[in-house]
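Residue numbers (my numbering): 234 to 382.
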Amino acid sequence: MKCQRAIAQSIASLDKTMNRVSVRTHQRKEFVDITRSVADCAERSGIKHGLCVIFVPHTTCGLTINENADPAVVSDILHTLEKIVPEHGNYRHTEGNSDAHIQSSMTGHSLVIILENGHLQLGTWQGIFLCEFDGPRTREVWIHCIKGG
Ligand code: ZN
């Protein structure tokens, strides 16, 4: 909860439809629930019906939608990703964070969510997560809402 408040406070509005949110991560690998921040940005855009595009401009973190009710789900996802792509392997990239690059490509860097009546159309158990794979760092999330017909 402390983290969520920090995220909400760090939102800097650039214009009516584009927002950049700073997210401070605290561990090498963790998922940060950014649902509230994205919903706030979507609301502030003033767009009632359309699409909300979320993007992270990084190569060692990603975005995903999954259950935010039981934290064991996120823990299971992280554990499984680490099993599939271990930190230490026969990698050629010399920076030492190849696992993070690969996991970031596995989750992807963008999401599109339908906006109806100014609200993100997420399922009951769905939350939006920034997936940190090489933290702790300060990450940026770009949120752009597009008006639909
Ligand atoms: Zn690297």
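Just so it is clear, CB atoms sit at the ideal spot from N, CA and C, and this is done for glycine as well.
Cβ pair residue i, residue j closer than 8 Å
| i | j | result |
| --- | --- | --- |
| I298 | V374 | no |
| I376 | C294 | no |
| T340 | L296 | yes |
| E365 | V265 | yes |
| V271 | R372 | no |
| L348 | C378 | yes |
Span of the beta strand (DSSP E), counted from its first residue to its last, around residue i
| i | result |
| --- | --- |
| L296 | C294 to E300 |
| E385 | The structure shown does not extend to residue 385, since the chain is modelled only from 234 to 382, so the question has no answer here. |
| K281 | Neither: K281 is in no beta strand (DSSP E) and is coded neither H nor E. |
| D266 | E263 to D266 |
| R372 | T371 to K380 |
| G360 | Q359 to E365 |
Cβ neighbour criterion (16 or more within 10 Å) applied to residue i
| i | result |
| --- | --- |
| Q260 | exposed |
| S338 | exposed |
| N323 | exposed |
| Q336 | buried |
| L262 | The displayed chain sequence assigns Lys, not Leu, to residue 262. Flag for K262 reads buried. |
| G368 | buried |
| I287 | buried |
| I317 | exposed |
Rounded C-alpha distance that separates residue i from residue j
| i | j | result |
| --- | --- | --- |
| G279 | S343 | 21 Å |
| R370 | N350 | 34 Å |
| R325 | G381 | 45 Å |
| A333 | H352 | 32 Å |
| S331 | R253 | 27 Å |
| V307 | I361 | 11 Å |
| E276 | G283 | 12 Å |
| T313 | W358 | 20 Å |
| A241 | T327 | In this predicted model, A241 has a pLDDT of only 44, less than 50, meaning its place in the structure is not dependable; the value taken from the coordinates is given anyway. Each residue's Cα considered, the two are about 36 Å apart. |
| D273 | N301 | 17 Å |
| G329 | K281 | 44 Å |
| M234 | R269 | For M234, the predicted structure reports a pLDDT of 41, less than 50, and the residue's modelled location is therefore unreliable. A value from the coordinates is still provided. One C-alpha to the other measures close to 11 Å. |
Endpoints, the alpha helix (DSSP H) within which residue i is located
| i | result |
| --- | --- |
| H334 | S331 to T340 |
| V307 | P304 to I317 |
* To do: Collect the residues with a C-beta less than 5 Å away from any heavy atom of ligand 2 and give them in sequence order along the chain.
  => Looking at this structure, you won't find ligand 2 anywhere; what it does contain is ligand 1.
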